[in-house]
Amino acid sequence: MPGATSDRTIPASTPPVFEREAVLKSDVFSTIERGVVVTAAGERLPAIRRDLSTARWWARPLALHFAARERRALRRAAGIPGVPTLIHADRHTVIRGFVDGLPMQVARPHGNAAFFRSARLLLRRLRRAGIAHNDLAKEPNWLVTPQGEAAVVDLQLASLHRPRGSRLLRILAYEDLRHLLKHKRKFHPEGLTPTERRVLARKSLFARAWMRTGKPLYRLVTHRLLGMRDREGGGLRLLRDGPRIEAAARAHPAVREIAVVAYPFRRDGIGLHAFVVCDPAAALDGAALRAHLRERLPPGVAPPERIRRVPTLPRDATGAIARPILTMIATGQTDQIAPLIGGDAARRAAVEAILAARDEEEARDAKPDLRPGGGGA
39 MPGATSDRTI PASTPPVFER EAVLKSDVFS TIERGVVVTA AGERLPAIRR DLSTARWWAR
99 PLALHFAARE RRALRRAAGI PGVPTLIHAD RHTVIRGFVD GLPMQVARPH GNAAFFRSAR
159 LLLRRLRRAG IAHNDLAKEP NWLVTPQGEA AVVDLQLASL HRPRGSRLLR ILAYEDLRHL
219 LKHKRKFHPE GLTPTERRVL ARKSLFARAW MRTGKPLYRL VTHRLLGMRD REGGGLRLLR
279 DGPRIEAAAR AHPAVREIAV VAYPFRRDGI GLHAFVVCDP AAALDGAALR AHLRERLPPG
339 VAPPERIRRV PTLPRDATGA IARPILTMIA TGQTDQIAPL IGGDAARRAA VEAILAARDE
399 EEARDAKPDL RPGGGGA
């Protein structure tokens, strides 16, 4: 069963001990962390915690509203394969079971007919429970499990309805399906049936109204005012500043290659982590490269918070730098890298070399950085 965890729910009156292992996301509404819940009985449950205590004061009412929706949806969805288990919830915290899987934009399920069959079955089960997810246009909200099946996360916008006889549920479930089919068109277009193509071509009246009224406002608030991006995964800073930093770094004669990825940390939002391949004979450390970047970057563009000198960079099947792997390393989720390496020996060797260089660097660091991806220059 995809994403299966213990079905035990810890009541709000007895908050569990949560041992944080990595920060997955941080924005104005909350911080999402991966770790382990330790129950009173000594059980250790892999878990994800949404911590609302880090929300900005002006965003807190909306954050609390979204968290309440997520709690209700997870309770209603209890027992549905592919939906996280609710472990604990109180006013400022939601802890759910960890789903072992990669986000769709990382796993990229090209030609995976089984994944899309399981995704459609999952949507059918949600509808039977009276649940509309309402946020499945975002690839990060779909996970591909190690078994190649579908799971969903982030039910903050989910709505609950009467399982039968609700016209609004039918409309919203139709839109959930249409968004799934948009992903199928991207990753498995040859598998689209004539009926699915008709669904793709026909938006509901609700969706047409949203596109003309709500979506422009949503984009204004999230993209322009808050600097958030749904698909890029690193926010506006990575999208805007990452290419500038890479170009400035390449101007240094000792830099052979560089890749900049994003990593989140509590309260401070998005940080940038640079993996740099240098001439082996050059004595270029993080401090010297950071000084070089400060001279060349335009005003308002800061150097990366983390700079790590590595012997090589992993490549994907096309020869491009495998940035999803580097992102997993930067966020401390090295246990999720194996599916991205596959059977590629060169990719595996590159990752092992980066991890070995990281360990050596951390061993020399008298005051290690405890943020995800810490320990670099």
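Taking the working numbering, I'd label the letters of the sequence shown as residues 39 to 415.
Cβ atoms here follow ideal geometry from the backbone N, Cα and C, with glycine treated the same way.
I'd like the span of the beta strand (DSSP E) that includes residue i, first residue to last.
| i | result |
| --- | --- |
| glycine 324 | Unbroken run through glycine 324 is the alpha helix (DSSP H), 324-334; no beta strand (DSSP E). |
| leucine 310 | 307-316 |
Taking the DSSP output, what are the residues bridged to residue i?
| i | result |
| --- | --- |
| aspartate 128 | Thr131 |
| isoleucine 86 | Arg72, Arg134 |
| glycine 198 | For the sequence presented, residue 198 should be read as leucine rather than glycine. DSSP lists Ile169 as partners of leucine 198. |
| valine 182 | Leu140, Ala188 |
| glutamate 57 | Val74 |
| valine 293 | Cys316 |
| arginine 235 | Answer is none; arginine 235 lacks a bridge partner. |
| arginine 353 | Ile359 |
Once DSSP output is grouped into helix, strand and coil, what is the label at residue i?
| i | result |
| --- | --- |
| lysine 63 | strand |
| glycine 229 | helix |
| proline 302 | strand |
| arginine 240 | coil |
| arginine 146 | coil |
| arginine 94 | coil |
| lysine 16 | Given that the chain is displayed from residue 39 to residue 415, the structure contains no residue 16 and the question cannot be resolved. |
| glycine 380 | coil |
| alanine 286 | helix |
| aspartate 268 | With a pLDDT of 49 at aspartate 268, under the threshold of 50, the predicted position of this residue should be treated as unreliable, though the coordinate-derived value follows. DSSP places aspartate 268 in coil when its eight states are reduced to three. |
| serine 204 | coil |
| proline 337 | coil |
| glutamate 81 | coil |
| alanine 395 | helix |
| alanine 151 | helix |
| leucine 219 | helix |
| alanine 387 | helix |
| alanine 157 | helix |
| leucine 193 | coil |
| alanine 211 | helix |
Taking 7 Å as the limit between beta carbons, can you name the residues of its chain near residue i, skipping five residues before and five after?
| i | result |
| --- | --- |
| glutamate 57 | Gly73, Val74, Val76 |
| alanine 320 | Ala292 |
| aspartate 317 | Ala292, Arg294 |
| arginine 94 | Val66 |
| alanine 111 | Ile169, Leu193, Ala196, Leu198 |
| leucine 218 | Ala157, Arg158, Leu161, Leu174 |
| arginine 328 | Pro341, Ile345 |
| alanine 355 | none |
What span of residues does the alpha helix (DSSP H) with residue i cover, start to end?
| i | result |
| --- | --- |
| arginine 347 | Arginine 347 -> not in any alpha helix (DSSP H); beta strand (DSSP E) instead, spanning 344-347. |
| histidine 103 | 98-114 |
| alanine 368 | 361-368 |
| proline 119 | First-last for proline 119: undefined, no H or E at that position. |
| isoleucine 375 | First-last for isoleucine 375: undefined, no H or E at that position. |
Tell me which same chain residues have a C-beta within less than 6 Å of the C-beta of residue i, skipping the five on either side of it?
| i | result |
| --- | --- |
| histidine 330 | His290 |
| histidine 130 | Leu90, Ser91 |
| leucine 335 | Ala286 |
| valine 137 | Gly41, Pro122, Leu181, Ala189 |
| glycine 280 | Val298 |
| alanine 145 | Val182 |
| valine 55 | Val76 |
| valine 339 | Asp279, Arg282 |
| leucine 322 | Ala292, Cys316 |
| isoleucine 118 | Arg163 |
| glutamate 59 | Arg72, Gly73 |
Can you give me the Cβ contacts of residue i inside the same chain, cut-off strictly under 8 Å, excluding the 5 residues immediately before and after it?
| i | result |
| --- | --- |
| arginine 166 | Pro201 |
| glutamine 194 | Phe104, Ala105, Arg107, Glu108, Asp173 |
| arginine 269 | Model confidence at arginine 269 stands at a pLDDT of 45, short of 50, so the residue's coordinates are unreliable; what they give is reported in the following sentence. Excluding sequence neighbours, arginine 269 sits near Gln143, Lys176, Glu177, Pro178. |
| glycine 139 | Pro40, Gly41, Ala145, Leu181, Val182, Thr183, Pro184, Ala189 |
| lysine 63 | Thr69, Ile70, Pro302 |
| alanine 395 | Arg346, Arg347, Val348, Pro349 |
| lysine 220 | Ala175, Leu238 |
For residue i and chain E, any beta-carbon pair shorter than 8 Å?
| i | result |
| --- | --- |
| glycine 338 | Among the protein chains of the structure shown there is no chain E, as only one such chain exists. |
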